[in-house]
Every structure is written in structure tokens, then in C-alpha cells.
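Asks: Sharing a structure here in C-alpha cells format.
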Amino acid sequence: MTRSGVRPESTPAKSTVLPSTQKVQRAKVAEVAAVLPADSPTVSAGPSDAPRWSTVDLGPELPMSVFTSTERWNAERIGAVAIYCSDGRWGEAFDEFCHRNLQIPRYDRLAMAGGPACFAPRTERAKVCCQAALDHLDFLVKVHELKRIVLITHYGCAAYAEQLHQEPDECLPVQLDDLRTVGETLQRRYESVKVDGFLAMRRGLTISFHAPAS
Ligand SMILES: [Zn+2]
Numbered sequence: 038m039t040r041s042g043v044r045p046e047s048t049p050a051k052s053t054v055l056p057s058t059q060k061v062q063r064a065k066v067a068e069v070a071a072v073l074p075a076d077s078p079t080v081s082a083g084p085s086d087a088p089r090w091s092t093v094d095l096g097p098e099l100p101m102s103v104f105t106s107t108e109r110w111n112a113e114r115i116g117a118v119a120i121y122c123s124d125g126r127w128g129e130a131f132d133e134f135c136h137r138n139l140q141i142p143r144y145d146r147l148a149m150a151g152g153p154a155c156f157a158p159r160t161e162r163a164k165v166c167c168q169a170a171l172d173h174l175d176f177l178v179k180v181h182e183l184k185r186i187v188l189i190t191h192y193g194c195a196a197y198a199e200q201l202h203q204e205p206d207e208c209l210p211v212q213l214d215d216l217r218t219v220g221e222t223l224q225r226r227y228e229s230v231k232v233d234g235f236l237a238m239r240r241g242l243t244i245s246f247h248a249p250a251s
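The opening residue of the sequence shown carries number 38 in the numbering used here; numbering runs sequentially from there.
Printed below as a string of C-alpha cells:
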């Protein structure tokens with residue numbers, strides 16, 4: 038049970054009051070509990086949503102929360118990971134593509150500079166990073182029981198500009214080649230996992246996603 042009846046984030050927490058915040062939070066819960074008879078439904082909530090104040094679990098001693106997410110916890114794993122570049126300017130579009138087109142909500146993220154490029158090392162140093170990335174992926178495939186790997190490379194990726202010293206249009210053929218070879222490599226490594234690759238393209242403000250011809 039969460040502290041669903043308490044909204045401490047409505048007033049900004051101050052660091053000077055942190056030592057006593059837990060007491061304040063507990064006092065607030067007790068205050069509300071005194072107003073609301075134990076286990077009685079509130080006016081706005083249905084019976085199934087009614088807080089059962091007698092069962093409120095305050096959890097470990099923590100400073101007062103600074104924010105509470107509107108997202109609700111869903112314990113079900115989707116069994117898919119998307120591997121893409123760390124570049125945050127693309128992040129929302131990656132999310133939208135995975136959620137709305139690929140239909141993989143709550144997918145695992147493996148975000149690294151260059152994304153799939155990490156699995157196509159061109160230097161000895163990059164090979165060390167590649168092994169580390171493979172270790173991460175091994176863990177996710179095994180422990181999170183992945184059934185699908187989605188590779189996304191994006192247009193104008195700074196990782197490719199650094200490696201190839203070429204303009205975005207000139208980097209594209211290399212990126213598409215990496216997408217194919219990395220896809221084949223991972224498919225061989227994880228035989229029971231489906232591996233797909235996509236290019237995230239940008240023209241002006243428009244971002245589109247493309248499945249390269251195999
Ligand atoms: Zn990038």
C-alpha cells in the first residue's frame with residue numbers, strides 16, 4: 038500500500054526539515070486516519086480504491102518524497118529490450134515508436150552512445166566496451182527472459198561522426214550495414230530471441246522509422 042492519501046509534494050520539501058520529515062509524514066497519515074474511520078471508503082473513491090488506513094505500510098525510514106509519479110507500477114515484464122543511442126533528443130520518439138508501433142510497453146532500455154554501434158567495434162578499446170555491453174545484454178536476456186531485441190540506429194548520430202569523420206548522409210550506409218551485421222551477430226548469440234533493426238530518420242522536425250531491406 039502506498040501513501041496514496043498523502044500529498045507531501047504539494048509543498049516543496051526543504052532540506053532543513055529533512056531530519057523530522059518522516060515524523061511529519063507519519064503524523065499526517067495519523068491525522069488523516071483520525072478523520073477517516075478505518076477502512077471506510079472516501080467520497081470520491083470507489084470501494085475497491087478506498088484506502089485501508091489500518092493497513093498503510095510506511096516502509097523504511099526515508100526523507101519526505103519530493104515527487105510522486107502518476108505512473109502506476111506494473112510488475113509484468115514485456116520480454117523485449119530496445120538498444121538505442123543515449124541522445125536524449127531522440128528519446129521521446131524512440132519511446133513512441135516502441136509503444137505505439139512495436140507494441141512493447143515497459144520495454145527494457147539499453148541506451149549507449151551509438152546504440153547498436155557498440156556491438157560493431159572498430160578499435161581495440163571499442164572491443165572492451167562491446168564485451169561490457171554484451172555482458173549487460175546477456176544478463177537481460179537471461180534474467181528478464183527477453184524474447185525480442187530491437188536495434189535502433191539514428192540519423193546524424195554523433196558516435197558515427199566521431200568514428201568516421203563524415204557527414205550524416207555519408208554515415209548512413211555504414212549505420213545500415215552495422216544494423217544488419219549486429220542483428221545477425223545477436224541473432225546467432227541468442228537463438229530463441231527475435232532481433233529486429235530500424236533506422237530512425239530525421240528531416241527537419243520530422244522523425245520517421247524505417248526497417249532496412251534485408
Ligand atoms: Zn547518437
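For every residue, glycine included, the Cβ atom is placed at its ideal position computed from N, Cα and C. Only a predicted model underlies this, so the values are computations on that prediction, with no experimental measurement involved.
1) Distance, Cα to Cα, K231 vs G220?
2) Helix, strand or coil, according to DSSP, for T107 in the structure here?
3) With a CB to CB cut of under 8 Å and the five nearest residues on each side skipped, what residues in its chain are close to E182?
4) Please classify Q212 as buried or exposed, where buried requires at least 16 neighbouring CB atoms within 10 angstroms.
5) What is the rounded straight-line gap between the Cα of I257 and the Cα of H202?
6) Identify whether K231 lies in helix, strand or coil by the three-state DSSP scheme.
7) Quick check: does the Cβ of G151 come within less than 7 Å of any heavy atom belonging to ligand 1?
8) Using DSSP with H/G/I as helix, E/B as strand and the rest coil, what is D214?
9) Which class does S123 belong to by DSSP, given the choice of helix, strand or coil?
10) Tell me whether D124 counts as near ligand 1, meaning its Cβ is closer than 7 Å to at least one heavy atom of that ligand.
11) Going by DSSP, which residues form a beta bridge with A237?
12) Please determine, among K184, K164 and C208, the residue with the shortest C-alpha to C-alpha distance to H191.
13) Could you tell me which residues DSSP pairs with V118 in its beta bridges?
14) Mapping DSSP to helix, strand and coil, what is P100?
15) Does DSSP put E207 in a helix, in a strand, or in coil?
16) Please work out which residues of its chain come closer than 8 Å, Cβ to Cβ, to M134, disregarding the five sequence neighbours upstream and downstream, and give them in chain order.
17) Pick from A157, A119 and E199: whose alpha carbon is nearest that of I141?
18) Specify, as a first and last residue, the run of the alpha helix (DSSP H) that D175 falls within.
19) Output the distance between the C-alpha atoms of L171 and D124, rounded to the nearest integer angstrom.
Replies: If we stick to the structure as given:
1) Start at 1 with the first residue of the sequence shown, and residue 231 comes out as number 194. Start at 1 with the first residue of the sequence shown, and residue 220 comes out as number 183. Roughly 9 Å separates the two Cα atoms.
2) Position 70 of the sequence shown holds residue 107. Coil, per DSSP.
3) Translated into positions along the sequence shown, residue 182 becomes position 145. Hits under 8 Å: R114 and G116.
4) Here residue 212 refers to the residue found at position 175 when the sequence shown is read from its first residue. Looking at its Cβ environment, which holds 16 or more other Cβ atoms inside 10 Å, Q212 is buried.
5) Residue 257 lies beyond the stretch modelled for the chain, which goes from 38 to 251, so this question has no answer here.
6) The sequence position of residue 231 within the sequence shown is 194, counting from 1. For K231, the three-state secondary structure derived from DSSP is strand.
7) Locating residue 151 in the sequence shown gives position 114, where the first residue counts as 1. For ligand 1, at least one heavy atom lies less than 7 Å from the Cβ of G151.
8) Here residue 214 corresponds to residue number 177 of the sequence shown, with the count starting at 1. Collapsing the DSSP output to three states places D214 in a helix.
9) The count along the sequence shown starts at 1 and reaches residue 123 at position 86. S123: coil per DSSP, three-state reduction.
10) Translated into the one-based positions of the sequence shown, residue 124 becomes position 87. Yes, Cβ of D124 sits closer than 7 Å to a heavy atom of ligand 1.
11) For this step, residue 237 is matched to residue 200 along the sequence shown. DSSP lists H191 and F246 as partners of A237.
12) Mapped onto the sequence shown, residue 191 falls at position 154. Ranking the options by Cα distance to H191, first place goes to C208.
13) The residue you call residue 118 lines up with position 81 of the sequence shown. According to DSSP, which records beta bridges pairwise, V118 is partnered with D145 and I186.
14) Position 63 of the sequence shown holds residue 100. Three-state DSSP puts P100 in coil, outside helix and strand.
15) In the sequence shown, counting from the first residue as 1, residue 207 sits at position 170. Helix.
16) Counting from 1 along the sequence shown, the entry for residue 134 is found at position 97. Before going on, a small fix: residue 134 reads as Phe here, not Met. These residues qualify, in order along the chain: I189, F235, A237 and F246.
17) Stepping through the sequence shown from its first residue, residue 141 is reached at position 104. Proximity to I141 across A157, A119 and E199 peaks at A119, based on C-alpha coordinates.
18) Position 138 of the sequence shown, counted from the start, is the residue given in the question as residue 175. Element bounds for D175: E161 to V180.
19) Reading the sequence shown from its first residue, position 134 is the one you call residue 171. Reading the sequence shown from its first residue, position 87 is the one you call residue 124. Approximately 20 Å, taken between the alpha carbons.
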